[in-house]
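Numbering (my numbering), first residue to last: 6 to 123. Backbone N, C-alpha and C define an ideal beta-carbon position, used for all residues, glycine too. To keep things clear, I will list the structure first and then write my remarks on it.
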């Protein structure tokens, strides 16, 4: 990728194309799922959009994505509207008999860095 100014220069030079066309000088909103962005004819891999949910875990909910015993999980607490179609998982653990802040995400790299600090 490039700094903002370097990106502006690439756009002004005509190197950047969105769906095969030069973007307007004033900018353009793109949909990473639908639009194709290239620089000098090479596709640009757009950043993955991750989902992050901060949950005040209630008493009794268990910190897991699924439970064979049908107990209430933290994913049950946020419901489908909380995950917006993302496959979330908890980062870390809180016991069922405790409450507190819990992060849910689909960002495996962040989860690893938080749970395995150097």
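I need the DSSP call for residue i, collapsed to helix, strand or coil.
i, result
"residue 79", "helix"
"residue 86", "helix"
"residue 35", "coil"
"residue 50", "coil"
"residue 64", "coil"
Taking the straight line between their C-alpha atoms, what separation do you get for residue i and residue j?
i, j, result
"residue 92", "residue 110", "8 angstroms"
"residue 54", "residue 45", "24 angstroms"
"residue 35", "residue 10", "19 angstroms"
"residue 69", "residue 104", "14 angstroms"
"residue 21", "residue 39", "16 angstroms"
"residue 24", "residue 48", "10 angstroms"
"residue 108", "residue 86", "16 angstroms"
"residue 32", "residue 8", "15 angstroms"
"residue 117", "residue 94", "12 angstroms"
"residue 90", "residue 101", "25 angstroms"
"residue 67", "residue 41", "41 angstroms"
"residue 76", "residue 119", "27 angstroms"
"residue 15", "residue 79", "45 angstroms"
"residue 28", "residue 18", "11 angstroms"
Over the uninterrupted alpha helix (DSSP H) stretch that includes residue i, give me the two end residues.
i, result
"residue 9", "9–17"
"residue 119", "113–120"
Over what stretch of residues does the beta strand (DSSP E) that includes residue i continue unbroken?
i, result
"residue 46", "Taken as a continuous stretch (DSSP letters only), residue 46 belongs to no beta strand (DSSP E), as it is neither H nor E."
So what does residue i bridge to, in DSSP terms?
i, result
"residue 95", "109"
"residue 22", "43"
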